[in-house]
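The sequence shown: position 118 = 139 (my numbering), numbered continuously. In this text, a Cβ means the ideal position worked out from N, Cα and C, and glycines have one as well.
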Amino acid sequence: MTASPSLKLNSVLGELSLHHCQAHPQSTAQDIARQFDADPMIPGVVLVDHDQFVGMISRRRFLERMSRPYALELFLQRSIQTLYRFIAHEFLVLPSQTLIVDAVQQSLQRSPEHLYEPIVVQNGDDYRLLDIHQLLLAHSRIHELAKQVIHEQTQAQMFQNEKLASLGRLIANVSHEILNPVNFIAGNINYLGNYGQDLLALIDVYDSEDAGPAESAAMKQEIEFDFLKKDFSEIISSMRVGANRLRKIAESLRTFSYQHKDEYQETDIHECLENTLIILSTRLRNSVTVVRQYDDLPMVSVYPGQLNQVFMNLISNAADAIAERQQQLSTMKSDRSLAIVDWQPKITITTRQLTRDELLHASDTDADRWICISIDDNGCGIPDDLKERIFEEFFTTKSVEHGTGLGLAICRQIVLEKHGGCLHLRSQVGVGTGFDIFLPMHE
């Protein structure tokens, strides 16, 4: 009997456990009975005469026929060919390269009386038997494998859709960030154009041979030269600020443009955080204070685009929690019977280095040095009964238009599966929520 390796979706019959049990048509029925007694797993015998396939006798039909009255006296000492004339029937012969899923379909199309007969598997001039139970068991394993593959593909597609949705929200945030400096620069261009025309007119007066000091002074007064000189430098300075703002946004977008590429490289974690904050600055404008408590971190080998996705999801969630608490406090202030809470919205981002001994939530990796990125907010907090479900797919406490329930699941997958790290939740209702991202530092 040949051994069967691990199965795949496209596994064929030749990969299964096949029984090599042959007999000559002139063998006696007693010889066949001895073979069946010697190996109880043999489903039948293949009849071969001078390397030519003659037929197949299954164990089930052989025992059924031999158990009938006077069968032992009639067939036991005679050739198996005599018995074969009485129990011959149609049997299924399939090439060894037949897909298991196709073989099951053909097998189940047989009549009920032949349904559990073994299948003859042909590989050139070699004929072997496959027990129908082994075939159905293999098909069941392939079915489970197919379900797993479909689940993984569906999950990957859902995560991809969530990333695209996040990208859409990111573009919406960035468009607001770009419009502010662009509108400011566009508005000042008109003033610069007018100032330029006035300066050119003044230069023409100076270049004129007929003009004297009186004409030059009159022209300066007409164009308000003292104010022009002061305002001109201020406009240039302001436009320079706007241009620098656009440059930072462009650099942040360039980093996020590699979001869907699996490029493992040394990365400045603080730069990733700052780029994320620039992208999300529109979400953080409602009097939200961002406190940075950065440790001196070395360059860390990560997938920067995917890590940016984690930072963006966690900081966005923090902004949503703060907005929800602001709404609650606004309702409280409208009710004069309630005391007004002295609360200022705040997001704190902390980075630090750890050793493995300091790490409470270590994974299976053997890294001795770790970094931790903590993102804390003082929003509403998460109730205890929801904490265990917070990383489940499709679980969300937000409304349908504001959440899909995949953001934190994606974060967990990226941190755990892609980086071999840990993602830990800390939360208390009325105090706030924090996420700790632990990443191993490989030499």
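In DSSP terms, what methionine 462 is bridged to: Arg390
Delimiting residues of the beta strand (DSSP E) encompassing methionine 77: 73-79
Rounded distance between the beta-carbons of isoleucine 53 and valine 69, thought under 8 Å: That belief does not hold up - the Cβ atoms of valine 69 and isoleucine 53 are roughly 13 Å apart, past 8 Å.
Alpha-carbon to alpha-carbon, leucine 267 and proline 404: 40 Å
Alpha carbon of valine 452 to alpha carbon of tyrosine 212, nearest angstrom: 50 Å
Exposure label - serine 32; buried when at least 16 CB within 10 Å: buried
Straight-line Cα distance separating glutamate 173 from valine 195: 32 Å
Rounded separation between proline 325 and asparagine 209 - CA only: 37 Å
Residue burial classification, leucine 30 (beta-carbon count within 10 angstroms, cutoff 16): exposed
Cβ shell of glycine 263 (< 7 Å), same chain only, five flanking positions each side left out: Pro202, Phe205, Ile206
Cysteine 393 vs aspartate 457 beta-carbon contact at 7 Å: yes
DSSP-derived helix/strand/coil call for glycine 263: helix
Where glycine 217 sits in the DSSP three-state scheme: helix
Counterpart residues of arginine 447 in DSSP-defined beta bridges: Gly455
Cβ-based burial, tyrosine 216 [other Cβ within 10 Å; buried from 16]: buried
Short Cβ contact (7 Å threshold) for glutamine 127 with threonine 49: no
Outcome for phenylalanine 107 when other beta-carbon atoms lying within 10 angstroms are tallied against a minimum of 16: exposed
Delimiting residues of the beta strand (DSSP E) encompassing lysine 367: 367-376
Residue range of the unbroken beta strand (DSSP E) whose run includes glutamate 532: Here the chain covers residues 22 to 464 and nothing more, so residue 532 does not appear.
Exposure of methionine 62, with buried meaning 16 or more beta-carbon neighbours within 10 Å: exposed
Length-filtered (4 minimum) alpha helix (DSSP H) runs lying within the segment 32-79: 50-59
Touch test, the segment 394-403 against the segment 338-355, Cβ-Cβ under 8 Å, three pairs minimum: yes
Cβ pair leucine 34, valine 142 closer than 7 Å: yes
DSSP beta-bridge partners of isoleucine 396: Ile370, Phe456
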